[in-house]
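Here our numbering is used: the first residue of the sequence shown is 4, the next is one more, and so on. Beta carbons: idealized from backbone N, C-alpha and C, even for Gly. Have a look at the structure below, then the notes.
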Amino acid sequence: MQQIKRELGPEAIIIQSRKVRKKGLIGFFTPPKVEITAAVDLASSHSKQDEFGAAAEMRWQNELGELKQMVQQMFALQQKQTLVDQGPYFPYWQHLVMQGVEEKLAQTMLAEIENEYGNGETLKDEVMKLLLQKKIQQKLLTEKLPASARILVFTGPTGVGKTTTLAKLAAHLALYQKKKVGMITIDTYRIGAVEQLRTYADITGMPIEVAMTPKDMTRALKSLADQDIILVDTAGRSAKNSLQVMELSSFLAQLPQAEIFLVLSATTKTSDLYLIVDKFRQTGYNRLIFTKLDETSNYGAILNAISFTGSPAAYLTTGQSVPDDIEEADAEKIAELILKG
Ligand SMILES: Nc1nc2c(ncn2[C@@H]2O[C@H](COP(=O)(O)OP(=O)(O)OP(=O)(O)O)[C@@H](O)[C@H]2O)c(=O)[nH]1
Ligand SMILES: [Mg+2]
Numbered sequence: 004m005q006q007i008k009r010e011l012g013p014e015a016i017i018i019q020s021r022k023v024r025k026k027g028l029i030g031f032f033t034p035p036k037v038e039i040t041a042a043v044d045l046a047s048s049h050s051k052q053d054e055f056g057a058a059a060e061m062r063w064q065n066e067l068g069e070l071k072q073m074v075q076q077m078f079a080l081q082q083k084q085t086l087v088d089q090g091p092y093f094p095y096w097q098h099l100v101m102q103g104v105e106e107k108l109a110q111t112m113l114a115e116i117e118n119e120y121g122n123g124e125t126l127k128d129e130v131m132k133l134l135l136q137k138k139i140q141q142k143l144l145t146e147k148l149p150a151s152a153r154i155l156v157f158t159g160p161t162g163v164g165k166t167t168t169l170a171k172l173a174a175h176l177a178l179y180q181k182k183k184v185g186m187i188t189i190d191t192y193r194i195g196a197v198e199q200l201r202t203y204a205d206i207t208g209m210p211i212e213v214a215m216t217p218k219d220m221t222r223a224l225k226s227l228a229d230q231d232i233i234l235v236d237t238a239g240r241s242a243k244n245s246l247q248v249m250e251l252s253s254f255l256a257q258l259p260q261a262e263i264f265l266v267l268s269a270t271t272k273t274s275d276l277y278l279i280v281d282k283f284r285q286t287g288y289n290r291l292i293f294t295k296l297d298e299t300s301n302y303g304a305i306l307n308a309i310s311f312t313g314s315p316a317a318y319l320t321t322g323q324s325v326p327d328d329i330e331e332a333d334a335e336k337i338a339e340l341i342l343k344g
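Okay, structure coming up:
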C-alpha cells in the first residue's frame with residue numbers, strides 16, 4: 004500500500020490483488036508473489052485536491068486572522084501592563100482615573116509623554132507632574148467668546164444651570180463690558196421658567212421677549228434689534244428624548260449666526276455626558292459650558308467631554324450666586340484641578 008501511494012499518490016485505490024506463482028516446478032519451491040492492480044481517478048482526485056486546497060486556504064486565513072488579533076491584543080495588553088500594571092507611571096494613571104479621566108485617555112496621555120520625553124528612562128516625579136499638567140492642558144480646548152458674537156443660545160439637559168448661567172453672563176456683559184443685553188426665552192415648557200428669567204431681567208433692567216414658536220423667534224429678535232447682544236434661554240431637554248431635541252434644533256435653525264452653548268454639569272458621569280453630547284450634536288452647538296464645579300471633586304469628565312467632542316469650553320460655573328460664580332474656562336486651571344483633585 005505504501006509503495007502504491009508513493010508511486011500514484013494518496014488517492015490511489017487497489018482494484019485487484021492476486022497471488023501468483025512462478026510457472027513450472029520451481030514455482031512450488033519459491034514463495035508466492037502478490038500482483039496488485041491499482042488506479043487513480045485523476046478527475047476526482049483533482050477536484051478533491053482543489054476542495055482540499057480551498058478549505059485549507061480558508062482555514063489558514065482564519066488562523067492568520069486569529070493570530071493577528073491575538074498579537075494585537077497581546078500588544079495592547081503589554082502596553083497597558085508595562086504602562087499601567089508594572090510601569091513607573093502607574094500612580095499617575097491611577098490618579099487620573101480616580102479623577103474620572105477615561106482609562107484610555109489617561110493611558111494615551113502617559114504614553115505620549117513617554118514617547119515624547121522618556122528616551123527609555125523613567126521620568127522623575129517633578130518632571131512628570133509638569134509634563135502631565137502640560138499634556139492635560141493641551142487636550143483641554145478652551146476658547147473665549149469672539150467679540151463679534153451677538154446671539155448666544157444656552158442649550159442642554161434639564162437642571163444643569165442654563166438659566167442661571169445665562170443670568171450670570173448677562174450681568175457680566177452688561178456690567179464689565181458695558182453691553183446692551185437683551186434676553187429671549189423659548190422655555191414655555193416648564194411652569195415658572197419664563198418667570199425665573201423675567202426676575203433676572205427685571206433686576207438688571209434688561210428687555211426680555213418670549214418666543215412661543217420658531218416663527219415667533221424672528222419677531223422677538225426684531226424687537227431686540229437695538230441690543231448689542233441677545234441671550235436665548237431654552238428648555239432643558241432629555242438626551243433620551245429624540246423628539247424634544249429635534250424640536251429644539253428646529254427652533255435653532257432660525258438662528259444660523261448664533262453661538263450655541265451646550266451647558267453640561269461637571270457632576271454628570273462620563274457615559275451620560277457622551278450620550279448628551281452626541282444627541283445634542285444636531286443642535287449645532289459650538290462651545291461647551293461646565294457648571295457645578297463646586298459640587299464635585301472629580302474633574303476628569305470635563306476633559307473627557309472636551310476631547311470626545313473636540314468642542315472648546317467657554318465658561319465654568321462654580322456656585323449658585325448670580326452674577327459672581329462664573330469664569331472664563333482656563334485650561335491651566337482645569338488641568339490643576341484634575342492633577343490636585
Ligand atoms: N452648586 C451649583 N448650583 C448651580 C450652578 N449653576 C446652577 N446651579 C443651580 O442649579 C439649579 C438649576 O439651575 P437652572 O439655571 O434653573 O437650570 P436649568 O438648566 O435652566 O434648568 P431647566 O431650565 O429646568 O432645564 C438651581 O438651583 C441653580 O441655582 C453651579 O455652578 N453650582
Ligand atoms: Mg432653565
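Can you give me the start and stop residues for the beta strand (DSSP E) that residue i sits inside?
i: F157; result: 154-158
i: R21; result: 16-23
i: T188; result: 184-188
i: S268; result: 262-268
i: E331; result: 329-331
i: L234; result: 232-236
i: K36; result: 36-42
i: I292; result: 290-294
i: T202; result: Segment 196-207 is the alpha helix (DSSP H) holding T202; no beta strand (DSSP E) there.
i: L169; result: Per DSSP, L169 belongs to no beta strand (DSSP E); it is in the alpha helix (DSSP H), 165-179.
i: L134; result: Here L134 belongs to no beta strand (DSSP E); instead the alpha helix (DSSP H) covers 128-142.
i: L148; result: Premise fails: L148 is in no beta strand (DSSP E) and is neither H nor E.
State the CB to CB distance for the pair residue i and residue j, rounded to an integer number of angstroms; the pair is presumed to be in contact (CB under 8 Å).
i: L200; j: T188; result: 5 Å
i: E335; j: L148; result: With 8 Å as the limit, E335 and L148 do not qualify as a contact, their Cβ atoms being about 19 Å apart.
i: Y302; j: G103; result: 7 Å
i: V184; j: L234; result: 7 Å
i: L319; j: L108; result: The Cβ separation is near 20 Å, so there is no contact.
i: L291; j: A308; result: 7 Å
i: V325; j: Y203; result: 7 Å
How would you label residue i, buried or exposed, when you count the other beta carbons within 10 angstroms and need 16 or more for buried?
i: T161; result: exposed
i: W63; result: exposed
i: S253; result: exposed
i: M112; result: buried
i: N118; result: exposed
i: V23; result: exposed
i: R240; result: buried
i: A58; result: exposed
i: Q260; result: exposed
i: I116; result: buried
Report the rounded CA-to-CA distance for residue i versus residue j, giving the unit in angstroms.
i: L227; j: I206; result: 18 Å
i: K171; j: E69; result: 57 Å
i: T94; j: T145; result: Reading off the sequence shown, one finds Pro at residue 94, where the question assumed Thr. Their Cα atoms are separated by approximately 27 Å.
i: G164; j: A317; result: 15 Å
i: D328; j: A173; result: 13 Å
i: S151; j: A332; result: 19 Å
i: T168; j: K282; result: 21 Å
i: I237; j: F157; result: The sequence shown places Thr at residue 237, not Ile. For T237 and F157, the distance between alpha carbons rounds to 6 Å.
i: G344; j: L135; result: 14 Å
i: T270; j: L67; result: 46 Å
i: L258; j: A114; result: 43 Å
i: I279; j: Q72; result: 33 Å
i: V43; j: Q6; result: 14 Å
i: K142; j: L99; result: 14 Å
i: M186; j: K132; result: 44 Å
i: V37; j: M4; result: 12 Å
i: I337; j: Q140; result: 8 Å
i: L255; j: G287; result: 8 Å
i: E330; j: N289; result: 18 Å
i: Q247; j: K225; result: 26 Å
From which residue to which residue does the alpha helix (DSSP H) around residue i run?
i: V213; result: No alpha helix (DSSP H) contains V213, which is instead part of the beta strand (DSSP E) from 211-213.
i: R222; result: 217-226
i: I305; result: 303-312
i: A114; result: 106-116
i: V248; result: 245-255
i: F93; result: 93-101
i: T273; result: 273-282
i: A242; result: Careful: A242 lies outside any alpha helix (DSSP H) and carries neither H nor E.
i: L258; result: Neither: L258 is in no alpha helix (DSSP H) and is coded neither H nor E.
When you compare each of the options to residue i by their alpha carbons, which one comes out closest?
i: Q323; options: K127, T237, E298, G344; result: E298
i: D128; options: A57, P91, E335, T312; result: P91
i: D231; options: T221, E212, I154; result: I154
i: P210; options: E330, L126, N289, A177; result: A177
i: D190; options: K182, K181, M220, K138; result: M220
i: K243; options: D275, Q260, K218, F311; result: D275
i: L296; options: I341, L255, F311, N289; result: I341
i: I18; options: V37, A41, W96; result: A41
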